[in-house]
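Positions in the sequence shown are counted from 1; adding 274 to them yields the working numbering. A virtual CB, placed ideally from N, CA and C, is assigned to each residue, including glycine. Please read all numbers here as calculations on a predicted model, not as lab measurements.
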Amino acid sequence: MNAPAYGLRRESLPKLEALRQIERKLLWLSAWMVHHANHVRPNRDGLKVGGHQASCASVVSILTALYFAKLRPQDRVAVKPHASPVFHAANYLFGRQTVEKMAGLRQFGGAQAYPSRMKDGAEIDFSTGSVGLGVAATSFSALIQDYARLHDFLPQGLQPGRHIAIAGDAELDEGNIYEALLEGWKHDVRNVWWIVDYNRQSLDSVVQDRLFGRFEGLFGDMGWNVVRIKHGKLQEAAFARPGGEALRSWIDDCPNSLYASLTFQGGEAWRTALLADLGRSADLRAIIDPLTDDEVAALMTNLGGHDIETMLEAFSAAEAEGDRPTCFIAYTIKGMGLPFAGHKDNHSGLMTREQMESFRQTMNVRPGHEWDEFEGLDLPAEELRDFIDSSPFAEKLTPQGRAFAPPAIALPPSVPLGKLAGRTLSTQTGFGEILGEIGRAEGPWKEAAARMLTTSPDVTVSTSLGPWVNRRGLFDRHTRNDVFRDTKVASMQRWGMSPDGQHIELGIAEQNLFLLLGAAGLSYALNGARLLPIGTVYDPFVNRGLDALIYACYQDARFLLVSTPSGISLAPEGGQHQSVNTPLIGMAADRLASYEPAYVDELAVMLRWALAHMQAPDGSAVWLRLSTRALLHKPRVLDEAAVIAGGHWVVPPAEGVPLALAYQGPIAAEAEAAFEKLREEVPEAGLLAITSPDRLYAGWLAAQRARREGAKSQSHVETLLSPMAPGSAIVTILDGHPAALAWLGSVSGQRVVPLGVDRFGQSGDIPDLYREYGLDEDAILDACAQALLG
Ligand SMILES: Cc1ncc(C[n+]2csc(CCOP(=O)(O)OP(=O)(O)O)c2C)c(N)n1
Ligand SMILES: [Mg+2]
């Protein structure tokens, strides 16, 4: 692109020169990576491989200025999903990405379509892909960094980093952004930068004019520093000339669609449009007339987000604001520097072979040298290498690079638990009691308790976290007294807040719960500070945060989710509070081990195991589905390994038995009562307690896979069901969708009569609801009769 020759403050700093070369290289490499994947590599299935050359071109300058001049190794960045090729190219220049991976973009084993912590490796701070979530994640990770800092958990000497999102402007349409913004404001979040690639284009179209005004207002209201980066240096220089203000106004008033369209059409169209409106001004003509068409186009597309010098100034000005959260609205052009720049249909557009060939020539890249680091650039390779190696981001934070791997927190062998036998209590009450005990300052749990962080979206007390919070306090960057306590108003809850507190109270926005759990569950890697995050939520409202929950699991965040109450056993609360589908979610979610205890002894085993599993290299997040239904606890000795593997026989069946009853969760009481009656008819029948259909199913699949590969393997569920004759029957029952257990018959060929809830619930008491939904003793006995009759 030719720059107009006048008025440009050519500071010709060597740094700017180097950055402009890198900018050019990132533009080339990102476009080439996508081209290579689509047009060069063999294609076996005829599917379009895809990729987003225009979205990449839009952020090349922003990434260049950020990564090669501003970022420090402790800074953490979420890069907008469809800019992943630019991000991979930047890492490549830092020596942290390989040509093989880039050449394998979107191919099995190659660089992922969108940055992925799990699949692309340690250079990825945040996975992105589901738009909006990566952006919001940075706000919560900054909060967690502050939490770790104020609890003195950060590795010695580690300065807090800035948590940065490079966001597409359409990401700001996602509601989760605003939920996060509000929650961030409540917690006075610091050290967050959101850099909006404001190309005013989404996937389908060009966005409404004046949207930036709304954004500025919203962010300003939340206490953010808002920086509009609209014009580059060329434009500013032109505006400073006589008549220049008229040009500025013309640009400012130009509708987004027209601006985009003129960008696509090029210099001649720009000139025609400008002269039609401003041609009578001699001053304006003095600016425009001497320029060639290319120069007019370069001037008119010199927006702030494409001007490295402007971006650097904006970043420096924001740094001067200290740790205040900042939103940069960087004006850009989607596809900048590529033939489809500004075209409204360019989102998934790919350059043709011919266009790529002429782009190659413009970029001075010789055939066969497309992947070379510094091919076709105007500065010597050694100079560029030195420049990159001496940029702050090139420094190593840890011997491995930038991801931490602190050791696991030691845990006592079991959780504190009083005598259960003879007590009637629910798993939710049991959970509250165990956590309350752990929360006592002294004892074997002292060290682990200090690392626990609890959180809940306005259901702290109603999910039984009250005793824990009373002992450990609420976290806030600022100390805030409990006014009710100070004014001697009696309350069970102490709500004093301080930087030492260990509970983060959230507003009712379940996405925020999971974004926070995700951030806390990655603190070990991002902050070098291992936490044991525990979040509570009503079971049905897991659905409201589901995308963020899956996102957290996709990032392999490690946390404990406790959802309670669940099912229709919640009784009077009615259908919107009664969950049906959650056991199936637990089975289908990867990197999330889910359990449902019926009794508190099982819960205690699961809790202790979960806190270890969350820290194990091959572990995962864990989900416990609890209930408010109280059950009488009888003395017994548990097979703990079986509880964790997913099920245990309460009454083992005799060999060759024709029928077993399998229950999950608080419906245990009805199952037990029905079982007593059943045994009068079928004395050899068995009663199976299922603690995790998820683990049983996963174990069964894994064993089948291993056997296909020639290994000897028997899964827990196969062992459990081995006494049963083929052709025998199992009646399954849970307070949730019956499909969660209906598959059990496939394991060794039993007929299953699945009982459960497959319709929305409603208000009622337990006897009425269990009768209506077919979960009571009579319904179970009817199912047993049906099963026996075949
Ligand atoms: C939750 C979600 N919905 C839809 C999509 C599909 N999608 C991918 S990119 C995109 C538009 C992105 O526009 P913008 O954020 O402005 O990025 P640009 O390409 O303009 O840089 C959409 C709708 C997605 N990835 N995630
Ligand atoms: Mg956009």
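Regarding residue i and ligand 1, is the C-beta to nearest heavy atom distance less than 7 angstroms?
i    : result
N473 : yes
H271 : Residue coverage of the chain in this structure runs from 275 to 1064, which leaves residue 271 outside it and unanswerable.
S332 : yes
P997 : no
S304 : no
E445 : yes
K344 : no
P389 : no
K354 : yes
S401 : no
H362 : no
S535 : no
S329 : yes
H309 : no
H326 : yes
Return helix, strand or coil for residue i, following the three-state DSSP convention.
i     : result
A439  : strand
V635  : Here residue 635 is Gln; the residue named in the question, Val, does not match the sequence. DSSP places Q635 in helix when its eight states are reduced to three.
W1017 : coil
Q674  : coil
A724  : helix
W459  : helix
R903  : coil
V911  : coil
T698  : strand
R294  : helix
G487  : helix
A1053 : helix
A684  : coil
V854  : coil
V689  : coil
L492  : helix
L577  : strand
S622  : coil
G802  : coil
V837  : First, the amino acid is wrong: residue 837 is Ser here, not Val. DSSP places S837 in strand when its eight states are reduced to three.
L1092 : No statement about residue 1092 is possible, as the shown extent of the chain runs from 275 to 1064 and does not include it.
L1029 : strand
G408  : helix
Please tell me whether, using a cut-off of 7 angstroms, the distance from the CB of residue i to the nearest non-hydrogen atom of ligand 2 is below it.
i    : result
G442 : yes
S358 : no
S404 : no
S476 : yes
K618 : no
K608 : yes
Which residues does DSSP pair with residue i in a beta bridge?
i     : result
W883  : In the DSSP output, where bridge partners are listed per residue, W883 has none listed.
T842  : The question names Thr, yet the displayed sequence has Ile at residue 842. I842 is not bridged to any residue.
N499  : T600
L807  : One detail in the question is off: residue 807 reads as Pro in this sequence, not Leu. DSSP output for P807 lists L727 as bridge partner(s).
I469  : I440 and F602
S797  : BP columns for S797 are empty, so no partner.
Y1044 : In DSSP, Y1044 forms no bridge with anything.
Y869  : L898
A352  : A439
Q475  : V480
G921  : I964
Counting only C-beta atoms, is residue i closer than 8 angstroms to chain C at any point?
i     : result
D1032 : No chain C is present in this structure, which holds just one protein chain.
Return yes when the C-beta of residue i is under 7 angstroms from any heavy atom of ligand 4, and no when it is not.
i    : result
H621 : For the structure depicted, ligand 4 is absent and the ligand set comprises only ligand 1 and ligand 2.
Entirely enclosed alpha helix (DSSP H) segments - the region 977 to 1027, minimum 4 residues: As for any alpha helix (DSSP H) of minimum length 4 sitting wholly inside the region 977 to 1027, the runs are 990 to 995, 1013 to 1016 and 1019 to 1022, ordered along the chain.
Unbroken stretches of the beta strand (DSSP E), 3 residues or longer, contained in the region 505 to 573: Within the region 505 to 573, no complete beta strand (DSSP E) run reaches 3 residues.
Whole runs of the beta strand (DSSP E) within the region 923 to 979, excluding any shorter than 3 residues: The qualifying runs are 931 to 938 and 960 to 964.
Segments assigned alpha helix (DSSP H), at least 4 residues, entirely inside the region 731 to 784: For the region 731 to 784, the continuous alpha helix (DSSP H) assignments of 4+ residues that do not extend past its boundaries occur at 740 to 746 and 757 to 760, in sequence order.
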